[in-house]
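According to this note's numbering, the stretch in the sequence shown is residues 109 to 294, in order. Since the structure comes first, as structure tokens, the remarks are kept for the end.
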Amino acid sequence: GLHSLIIFAFATVAFGSSGGGEETAHVPIWKEYLWQVVNFGILIFILFKFARKPFQNLLKQRTELIEKTLNEAREAKELAQKALQEVEEKLKVKDQEMEKILSVAKRSGESERERLTEEGDKLKEKILEQAKVNIEYEVKHAKEALKGEAVELAMELAEKKLKEKVTKKEQEKLLEESLMQIGGRG
């Protein structure tokens, strides 16, 4: 439709401007330009008459397409901004949650450290107390052993001195008295 009309109009102008070919030498220049102007006017009239509405429709469609594209781009931008805001809010919430988790973990670690320190202190005191008891027992046992040894040594020493000072007769008398005392008890 429109394409064939435009081709026909250009062909008409081209044919009219040539002036038929053989008369160009005898026709004055102003007549030649007059025919070109008339042909161009006819072309403009034909284009205006037949191509105006299709051209206006083409421009209208193009304008609508551009407006539609701009609106879609605006909507896409708004959606992208909303999505970005949502992601930023989620990240903010996640950051807050992570801070809470770290805070709880830190408090938990501190309380666990305090608990372990208290247990360590209690265990240390218990071990020290047990060591003290063991030392006291060992000291008491050592004292008793020393007393026993001291008594033995004292008795040996006394026996030795008695043997030196006491005669055989006196020894027998002492032995009999001791046996009587032991026999009286038993």
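Note that CB positions come from ideal geometry on N, CA and C, so glycine has one too. Predicted, not measured: the structure shown is a model, and the values here were computed from it.
Could you check what DSSP says for THR171 in three-state terms: helix, strand or coil?
In the three-state reduction of the DSSP assignment, THR171 falls in the helix class.
Does DSSP put THR275 in a helix, in a strand, or in coil?
coil
VAL259 versus LYS232 - alpha carbon distance
39 Å
Express the C-alpha separation of GLU257 and ALA266 in angstroms, rounding to a whole number.
14 Å
What are the boundary residues of the alpha helix (DSSP H) that includes LYS363?
The chain is shown only over 109 to 294; residue 363 falls outside these bounds and no answer can be derived.
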